[in-house]
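Residue numbers (the working numbering): 2 to 409.
Let me begin by presenting the structure, written as structure tokens, before commenting on it.
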């Protein structure tokens, strides 16, 4: 269940608004006083020739044609197409108050995550596992696939860009390669943003996941994805957090790790959203810990990168680029905005750590019921969230190289 509240003055009278989203039902309460009002059950009438028609029944309280017409206008204004229970305890309802109610309910913010990262880093798996975890806490979630090349989803998408355009079709009809076709699809989505907005408006009360393509230039310097997210954020009052996944195998190679840091830095500036960077598949790092030059906290906290420069200097293939590597490291350390959280999607301890950081980044405030559910899950897992990062990192003992680094 998702739960939102807001209070406002309506015609000079204090009015409380409550919206609760259950699995297949929305509950809306509009209250100005403690007196009993009217409780309506509203169901979409799919047999009607009108686009949005409703079957409205007053379960108890006063009912009249004026209030029924107001309920219809309210439902259409909010673009609701599912069963809805409305508790109306208001002194007077007219066009002005109805319009104010629609605006107030529409400004109740939505929250979500924009999942990005290179190919194979686990974006789709993350969307599936994190959405299941949030559902355990009581959130109503919806996943939006905006990767036109992803035709093997492990989840049921609430919105799928393949209904609008696919990479395969673009390659066939526009005669582009796979990379060019993907860019074409994202630019096409930007031009057809009304298609996406119309579908997103039907997800009122849901916590949203945007499963994005793996072509990194879309996030580092191409503007379409940034423009899409900026538009839907402003249009729907959507509070987004950009979640960037980096496969932990990048940590096994100093050059790859530095390139990942540079990409994260560029993306954080380009996307202009609150940002959480994640080292995914951390269980693989534990399994192959001997391939890491340093302890894992060196990579998550982005400690002194001069030690990586030394490693690159000792490699005959990269030593010739020492000045370039030094300049890149100086840039990354000068910005000092990148750090990582460890994640194993099968470990709820790390899911909880990531969840808390993302909620803090996008400003999500959960309801008391979700808070109790999280506490219960943490208790079952015997989880002290303050010690979680340390617990995960201690799974990998310091190597000799790490000991040497600490001595220096």
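All C-beta atoms in this analysis are idealised placements derived from N, C-alpha and C, irrespective of residue type, glycine included.
If you draw a 10 Å sphere on the C-beta of residue 147, you find 16 or more other C-beta atoms in it, and that means buried. Residue 125 sits in a helix when the DSSP states are folded into three classes. Per the Cβ contact rule, the region 113-120 is in contact with the region 233-247 (3 or more Cβ pairs under 8 Å).
A straight line joining the alpha-carbon of residue 73 with that of residue 41 spans about 11 Å. The shortest C-alpha to C-alpha distance from residue 180 to any of 349, 27 and 219 is the one to 219. With fewer than 16 other CB atoms across the displayed protein chains lying within 10 angstroms of its CB, residue 61 is exposed. Judged by beta-carbon spacing, residue 204 lies beyond the 8 Å limit of residue 162, meaning their Cβ atoms are not closer than that value.
Just so you know, the alpha carbons of residue 271 and residue 278 end up roughly 14 Å apart.
Residue 266 sits away from residue 216, with the two beta carbons spaced by 8 Å or more. DSSP places residue 155 in the coil class of the three-state scheme, outside both helix and strand.
The Cβ neighbour count for residue 353, taken over all protein chains shown within 10 Å, is at least 16; the residue is labelled buried.
Note on geometry: alpha-carbon atoms of residue 152 and residue 132 lie some 19 Å from one another.
C-alpha of residue 76 to C-alpha of residue 104: approximately 12 Å in a straight line. Each residue's CA atom was taken as its position, placing residue 174 and residue 187 some 16 Å apart. Membership of residue 174 in the alpha helix (DSSP H) is indicated by the continuous run 168-174. Put simply, of 314, 226, 53 and 130 the residue whose alpha carbon is nearest the alpha carbon of residue 327 is 314. Taking the CA atoms as reference points, residue 276 sits about 13 Å from residue 230. The Cβ atoms of residue 154 and residue 126 do not sit closer than 8 Å to each other. Here residue 345 is near residue 283, since their CB atoms are less than 8 Å apart.
Excluding the 5 residues flanking it on each side, residue 84 has same chain C-beta neighbours closer than 8 Å at 25, 26, 27, 42, 43, 44 and 45, in chain order. Partner residues in the beta bridge of residue 39, as assigned by DSSP, are 89. Apart from the 5 residues on each side of it in sequence, residue 236 sits with its Cβ closer than 7 Å to the Cβ of 198 in its chain, given in chain order.
According to DSSP, residue pairing for residue 138 in a beta bridge does not occur. Short of 6 Å from the beta carbon of residue 182, and not among the five residues preceding or following it, lie these beta carbons of its own chain, in chain order: 168, 171 and 172. The alpha-carbon separation between residue 135 and residue 274 amounts to approximately 22 Å. Residue environment: residue 47 is assigned as exposed (fewer than 16 neighbouring CB atoms within 10 Å of its CB, all protein chains considered). Straight-line spacing of the CA atoms in residue 324 and residue 332 works out to 12 Å. The beta-carbon separation of residue 63 and residue 39, rounded to 6 Å, stays under the 8 Å limit for a contact. The straight-line gap separating the alpha-carbon atoms of residue 101 and residue 18 is approximately 12 Å. In this structure, residue 92 and residue 33 form a Cβ contact; the two beta carbons are roughly 6 Å apart against a cut-off of 8 Å. In the DSSP assignment, residue 210 falls within the beta strand (DSSP E) that extends over 208-212. Secondary structure note for residue 278: its beta strand (DSSP E) is the uninterrupted segment 276-281.
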